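In what follows, a single structure is set out as structure tokens and then discussed.
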Amino acid sequence: MELETVQVKLGPQTMTGFIDSGAQISVIREDFISGIKYEGEGYIKISSEFGERETTPLRIFEMNIDDGVHGPVPVTCAVPKKLVSDLLLSTAAFEALKENIQMHKFESKLDCYDAVREELEVPSTDIEASIELIATESDRNDSTQDSEETRTSFIESKMSDPTLSDAWVMARTEGNAYAIKDGVLTHTEYICGEKVKQVVLQMQER
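If you read the sequence shown in the numbering used here, its first letter stands for residue -7, the second for the next number, and so on.
Laid out in structure tokens, this is it:
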């Protein structure tokens, strides 16, 4: 069976990654990592494509799908000397790479943080702080509802919005970026290499 492929960027170079559903860990050939920054100093025993048992370094590399919109994700890889392909990606690693879609491409990390703060659906990544912000806005509009009523109304409006129906369904299924915390729909993504949790808002509020 022919494996699905994806172009992956590691440092300054781009390589072809093969998605192997049977792989328990991602594997990258040793000659591709020269001069590449990594974390971890462990070792792991693997069976090579040639049927040989090999003890290989275990390293963590920052890599991303090379399409201009996906950001870097830390991927743990075994690093054997012998490997026919450039890179074998486990299904879990590939899913993590796919989920990390950057909102924009920035020239520097500092610019990235400044711009992302303006682009985020909610100024604070903390769910409780986001709910407090919504309550504050209600007070400014001379609302007489207390904070609990505001919170309940906020949640009900999100649950009844047809544009968020797919997100609610995904949130009830484990293993994806959407989740439900205290009745609030949230979305987790990697931004500038860091995991950020946001409250999901209706289209007209973004």
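We put the beta carbon where it would ideally sit given N, CA and C, even for glycine.
Fair warning: this is a prediction, and the values are worked out from it, not measured in the lab.
Between residue 49 and residue 55, the CB-CB gap reaches or exceeds 8 Å.
Apart from the 5 residues on each side of it in sequence, residue 46 sits with its Cβ closer than 8 Å to the Cβ of 37, 38, 39, 40, 72, 73, 74 in its chain, given in chain order. Residue 189 and residue 23 have their C-alpha atoms some 36 Å from each other. In this structure, the straight-line span from the alpha carbon of residue 66 to that of residue 19 is close to 13 Å. Annotation: the continuous alpha helix (DSSP H) that includes residue 88 extends over 83 to 91. In the three-state DSSP reduction, residue 143 falls in the helix class (H, G or I). Going by DSSP, residue 18 is part of the beta strand (DSSP E) stretching over 18 to 20. Counting only residues of its own chain and dropping the five nearest sequence neighbours on each side, residue 68 has a CB closer than 6 Å to the CB of 52. Sixteen is the threshold: when 16 or more other Cβ atoms of the shown chains lie within 10 Å of the Cβ of residue 9, as they do, the residue is buried. In the DSSP assignment, no residue is bridged to residue -6. Rounded to the nearest whole angstrom, the C-alpha separation of residue 77 and residue 5 is 15 Å. Residue state for residue 163 is assigned as helix, using DSSP reduced to three classes.
Around the beta carbon of residue 174, fewer than 16 other beta carbons sit within 10 angstroms, so the residue counts as exposed.
Residue 13 counts as exposed, since fewer than 16 other beta carbons sit within 10 angstroms of its beta carbon.
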